[in-house]
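Everything below concerns the one structure shown next.
Number of protein chains: 2
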Amino acid sequence: MPVAMLRGGASARLILASGSATRADMLTRAGLAFDVAPAAVDEDSIKASLKADGATAHQLADTLAELKAARISAQNPGAFVVGADQVLVLDQQWFDKPADRDEAGRNLQSLAGKSHQLVSAAVVLRGGERLWGHTDHATLLMRALSEEFIDHYLDAAGDAVLDSVGCYQLEGLGAQLFQRVDGDYFTILGMPLFPLLDFLRGHDFIPA
Amino acid sequence: MPVAMLRGGASARLILASGSATRADMLTRAGLAFDVAPAAVDEDSIKASLKADGATAHQLADTLAELKAARISAQNPGAFVVGADQVLVLDQQWFDKPADRDEAGRNLQSLAGKSHQLVSAAVVLRGGERLWGHTDHATLLMRALSEEFIDHYLDAAGDAVLDSVGCYQLEGLGAQLFQRVDGDYFTILGMPLFPLLDFLRGHDFIPA
């Protein structure tokens with residue numbers, strides 16, 4: 042698909058504080074102009090700390106999104122900075138991105154035959170101040186998977202599975218993993234796009 | 042995204058009886074191997090006839106999908122032929138693809154500020170016999186749109202809007218049109234993918 046632009050008159054810079062190619066692609070396809078500045082935060086220690094505090098997955102995704110945006114906002118005080126994060130929840134357990142193929146295989150075995158949730162958060166900061174935030178979730182029912190299928194799938198999908206907390210890309214071979222999916226597609230991809238576009242429209246980054 | 046394959050052992054040919062690049066892309070990304078053979082049916086007269094009979098949009102989409110598949114199945118009796126169709130319904134009225142930019146503008150004015158349904162059907166025929174069918178729908182709430190915005194949007198989106206009955210591609214600039222979307226993403230793109238993959242898995246076109 043050719044990429045067309047549909048921009049508003051905002052003069053402030055828009056920065057996406059995420060290294061996810063999928064999130065950048067979502068905003069590009071929706072017609073926006075923006076810069077990308079991936080922010081590194083220590084996700085493991087934040088997760089552990091929030092878990093100990095009894096936080097929900099929505100709170101975790103929102104906190105991680107805000108911390109990423111805050112790091113980039115501090116370096117770019119005039120810009121609108123979008124932070125985003127996604128958390129996978131199965132049986133009240135938060136999953137991490139697989140480190141390697143073996144872990145991806147074990148994760149898929151855990152997810153197979155069950156429903157899990159993908160919780161996605163987006164926030165916007167300017168000058169370190171939080172202007173907006175939204176969290177949404179989708180529910181995905183994975184079909185039962187044989188060990189043989191998981192092997193074939195990991196062979197075919199290659200390293201792309203390591204980019205996703207669920208070891209799948211729904212817009213690719215990952216479609217073969219599912220029986221049913223309920224929820225917003227963009228939330229599944231990693232960011233609640235419609236509410237974010239609504240906020241950006243209100244600040245003239247896209248036309249009303 | 043690189044295109045990877047994940048095929049089963051079926052020896053029969055699989056044919057997609059649709060000229061839609063989006064539908065072919067869905068199957069390709071899901072890892073399938075297939076041929077494309079667009080089928081022309083007289084949609085206008087079929088719609089008029091079914092309308093007169095009091096048919097539902099689900100029945101219309103299913104009938105059009107089956108007629109397209111039947112045409113191709115007659116020419117390829119040993120193949121599994123997938124037919125698909127999509128109908129847009131607003132206030133009990135069925136929409137057609139816009140013929141030109143003016144009609145696209147009028148359609149968007151009708152859709153703006155309201156919810157409409159996209160009804161998608163897929164069927165599979167072999168040797169002229171219907172083996173399987175599935176129909177699903179999604180509900181999309183379009184935001185209120187100014188005439189000025191519609192103009193900007195049509196300028197930016199170009200001829201791509203004429204390929205879609207709703208004058209939008211949700212995976213492109215069309216995202217700017219919506220406030221909320223409920224339903225399966227693949228149904229919105231034009232074909233209920235998960236049920237179709239389930240059927241194809243049962244016939245070894247993809248691995249179980």
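First to last, the sequence lines map onto chains A and B. Each residue of the first sequence is one higher than the one before, starting from 42 at the first, in our numbering. Each residue of the second sequence is one higher than the one before, starting from 42 at the first, in our numbering. The beta carbon of each residue, even a glycine, is placed where N, CA and C say it ideally should be.
is_contact[residue i, chain A] using C-beta, thresh 8 angstroms
i	result
Met42 of chain B	Reliability fails at Met42 of chain B, whose pLDDT of 46 lies under 50, so the model's placement of it is uncertain and the value that follows must be treated cautiously. Closer than 8 angstroms to some Cβ of chain A, the Cβ of Met42 of chain B qualifies, so yes.
Arg70 of chain B	yes
Phe190 of chain B	yes
Glu107 of chain B	no
C-alpha distance - residue i paired with residue j, whole-angstrom precision
i	j	result
Phe235 of chain A	Leu47 of chain B	32 angstroms
Leu195 of chain A	Ser90 of chain B	49 angstroms
Asp245 of chain A	Leu55 of chain A	11 angstroms
Tyr226 of chain A	Ala80 of chain A	24 angstroms
Ser151 of chain A	Met67 of chain A	29 angstroms
Ala106 of chain A	Ser52 of chain A	24 angstroms
Ser156 of chain A	Gly207 of chain A	12 angstroms
Ile87 of chain A	Met232 of chain A	20 angstroms
Arg64 of chain A	Arg70 of chain A	10 angstroms
Glu212 of chain B	Asp204 of chain A	20 angstroms
Gly199 of chain B	Tyr209 of chain B	11 angstroms
Arg167 of chain A	Arg171 of chain B	58 angstroms
Asp76 of chain B	Ala62 of chain A	31 angstroms
Gly169 of chain A	Leu108 of chain A	10 angstroms
Whole-number beta carbon distance between residue j and residue i, since they are thought to touch under 8 angstroms
i	j	result
Leu163 of chain B	Val122 of chain B	The residue you asked about is not Leu; residue 163 of chain B is Ala in the sequence shown. About 11 angstroms separates the two Cβ atoms, so there is no contact after all.
Ala102 of chain A	Gln127 of chain A	6 angstroms
Ala216 of chain A	Met183 of chain A	The Cβ separation is near 11 angstroms, so there is no contact.
Gly49 of chain A	Ile247 of chain A	5 angstroms
Ala45 of chain B	Ala45 of chain A	No, Ala45 of chain B and Ala45 of chain A are not in contact; Cβ-Cβ is about 28 angstroms, not under 8 angstroms.
Leu186 of chain A	Leu149 of chain A	6 angstroms
Gly23 of chain B	Leu214 of chain A	Beyond the ends of chain B as shown, which are 42 and 249, falls residue 23 of chain B; an answer cannot be given.
Amino acids of chain B, ordered along the chain, whose beta-carbon sits closer than 8 angstroms to that of residue i
i	result
Ser161 of chain A	Per Cβ cutoff of 8 angstroms: no residues; Ser161 of chain A is ~14 angstroms from chain B at best.
Ala197 of chain A	Ala45, Met46, Leu47 and Gly72
Leu57 of chain A	Correct list: empty, because the minimum Cβ distance to chain B is about 15 angstroms.
C-beta neighbour in chain B for residue i, strict 8 angstroms
i	result
Tyr226 of chain A	yes
Ala18 of chain A	The displayed coordinates of chain A run from 42 to 249. Any statement about residue 18 of chain A would go beyond what the structure contains.
Leu152 of chain A	no
Leu238 of chain A	yes
Beta-carbon neighbours of residue i, restricted to chain A and to distances below 7 angstroms
i	result
Tyr194 of chain B	Leu47
Within chain A, the residues that residue i reaches when beta carbons sit closer than 8 angstroms
i	result
Phe235 of chain B	Ala216, Phe219, Gln220, Arg221 and Val222
Closer than 9 angstroms at the beta carbon, the chain B residues around residue i
i	result
Asp248 of chain A	Residue identity check: residue 248 of chain A is Pro in the sequence provided, not Asp. Residues of chain B passing the Cβ test: Ser187, Glu189, Phe190, His193, Tyr194 and Gln217.
Inter-stretch contact (C-beta, 8 angstroms, three-pair minimum) for the segment 91-102 of chain A and the segment 212-223 of chain A: Contact between the segment 91-102 of chain A and the segment 212-223 of chain A is not established, with fewer than three Cβ pairs separated by less than 8 angstroms.
Three or more C-beta pairs below 8 angstroms linking the segment 131-138 of chain A and the segment 172-191 of chain A: Flag = no, the segment 131-138 of chain A and the segment 172-191 of chain A do not touch.
Touch test, the segment 106-125 of chain A against the segment 138-147 of chain A, Cβ-Cβ under 8 angstroms, three pairs minimum: By the Cβ rule, the segment 106-125 of chain A does not count as touching the segment 138-147 of chain A, because fewer than three pairs are nearer than 8 angstroms.
Validate contact between the segment 154-163 of chain B and the segment 176-190 of chain B using beta carbons, cut 8 angstroms, 3 pairs: A contact is defined here as three or more CB-CB pairs under 8 angstroms, and the segment 154-163 of chain B meets this definition with respect to the segment 176-190 of chain B.
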